[in-house]
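Numbering (my numbering), first residue to last: 52 to 220.
Take a look at the structure:
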């Protein structure tokens, strides 16, 4: 019995070493997993807002508009807009008129490390649901969602009819 005192101490040291080794391997993978979940949530939320704005754009005499930053007076007095602020990593759904814009929903700030980039600053939905530019010509657009840990960005392509398709680049 006297010789077994050091054996218990050795077991404790081995258990602590195994736990620290597992934690060293698991923590970076957990960050990547949580970051992927955040990116997927932000993509789904933005796609939902886009579909809602598209549906409002199909209503009679309402245009849905996606643009970055400043608002400009529009000929239509009831414009639906998704204002994308790339600098502050936020967007907001708004209803506008010639006198100003009022929020329909609160401003949504993207999760830490998530960024959204757009190739076109402004998309208008015509009453029949097509995507057009300021002059009425049909256009398409792409939104890119990037994250700090996820290597491949998510690309959301929107065609001139308002349908979107997403894929990892």
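The C-beta atom is built at its ideal place from N, Cα and C for all residues, glycine as well.
Alpha-carbon spacing of residue i relative to residue j, whole angstroms
i, j, result
"residue 85", "residue 140", "19 Å"
"residue 193", "residue 156", "23 Å"
"residue 91", "residue 61", "45 Å"
"residue 68", "residue 78", "16 Å"
"residue 145", "residue 133", "6 Å"
"residue 189", "residue 87", "34 Å"
"residue 80", "residue 152", "43 Å"
"residue 154", "residue 135", "13 Å"
"residue 76", "residue 138", "34 Å"
"residue 64", "residue 71", "11 Å"
"residue 74", "residue 198", "23 Å"
"residue 160", "residue 59", "52 Å"
Rounded distance between the beta-carbons of residue j and residue i, thought under 8 Å
i, j, result
"residue 217", "residue 182", "Not a contact, Cβ separation roughly 16 Å."
"residue 162", "residue 219", "Not really, about 18 Å apart at Cβ, beyond 8 Å."
Residues near residue i by beta carbon distance below 8 Å, same chain, minus five either side
i, result
"residue 191", "182, 208, 209, 210, 211"
"residue 97", "142, 167, 194, 196, 207"
"residue 82", "200"
"residue 66", "none"
"residue 99", "none"
Same chain only: Cβ atoms within 6 Å of residue i, ignoring 5 sequence neighbours per side
i, result
"residue 195", "168, 204, 206"
Helix, strand or coil at residue i [DSSP, three-state]
i, result
"residue 139", "coil"
"residue 165", "coil"
"residue 205", "strand"
"residue 108", "helix"
"residue 158", "coil"
"residue 92", "helix"
"residue 133", "strand"
"residue 199", "coil"
"residue 71", "helix"
"residue 99", "helix"
Under 8 Å between C-beta atoms of residue i and residue j
i, j, result
"residue 202", "residue 93", "no"
"residue 103", "residue 215", "no"
Close Cβ partners of residue i (< 7 Å) along its chain, the five nearest in sequence each way excluded
i, result
"residue 158", "141, 143"
Heavy atom of the ligand SAH within 7 Å of residue i beta-carbon
i, result
"residue 100", "Here there are no bound small molecules, and the ligand SAH is not part of this structure."
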